[in-house]
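In my numbering, the protein residues as written are 14 to 93.
Idealized CB from N, CA, C, for every residue including glycine.
Since this is a predicted model, take the numbers as computed values, not measurements.
Below: one structure, written as structure tokens.
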Amino acid sequence: MQTIFVMVKCDLGKAYQVADQAVQEIEQVSEVHSISGQYDLLMKCYLDQDTDIGRFVTEHVQTLSGVRDTFTLIAYKAFA
Numbered sequence: 014m015q016t017i018f019v020m021v022k023c024d025l026g027k028a029y030q031v032a033d034q035a036v037q038e039i040e041q042v043s044e045v046h047s048i049s050g051q052y053d054l055l056m057k058c059y060l061d062q063d064t065d066i067g068r069f070v071t072e073h074v075q076t077l078s079g080v081r082d083t084f085t086l087i088a089y090k091a092f093a
């Protein structure tokens, strides 16, 4: 299992809609947080080890209605 975090910039007024749609439609999304700064949402996703991260983000997250931009962080477990 691999963990990624996707920061999402939304169209104005669409952050709640995007967050709800992500949780309802994307099985791999475990949490969505509202954040301040350049991006509106932070999504925590758990992917199978063999899942292509770029394909997942472009085919599932970026295609949600109201998404303008994304930034992906890959997290590795640093402590046992």
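Report, in whole angstroms, the separation of the C-beta atoms of residue i and residue j, which I expect to be a contact under 8 Å.
i	j	result
THR64	MET20	Rounded, the Cβ-Cβ distance is 19 Å, inconsistent with contact.
Hey, would you say residue i sits closer than 8 Å to residue j, going by beta carbons?
i	j	result
ASP53	CYS23	yes
LEU86	ILE17	yes
GLN34	TYR59	no
VAL80	VAL36	no
GLU72	LYS57	no
LEU55	ILE48	yes
Looking only at C-alpha atoms, which of the options sits nearest to residue i?
i	options	result
LEU77	ALA91, LYS27 and GLU44	LYS27
GLN51	TYR89, LEU25, THR71 and ALA91	LEU25
- Task: Taking only runs that begin and end inside the region 30–74, name each unbroken beta strand (DSSP E) of 3 or more residues, in chain order.
- Result: With a minimum length of 3 residues, the unbroken runs of beta strand (DSSP E) contained wholly in the region 30–74 fall at 42–47 and 54–60.
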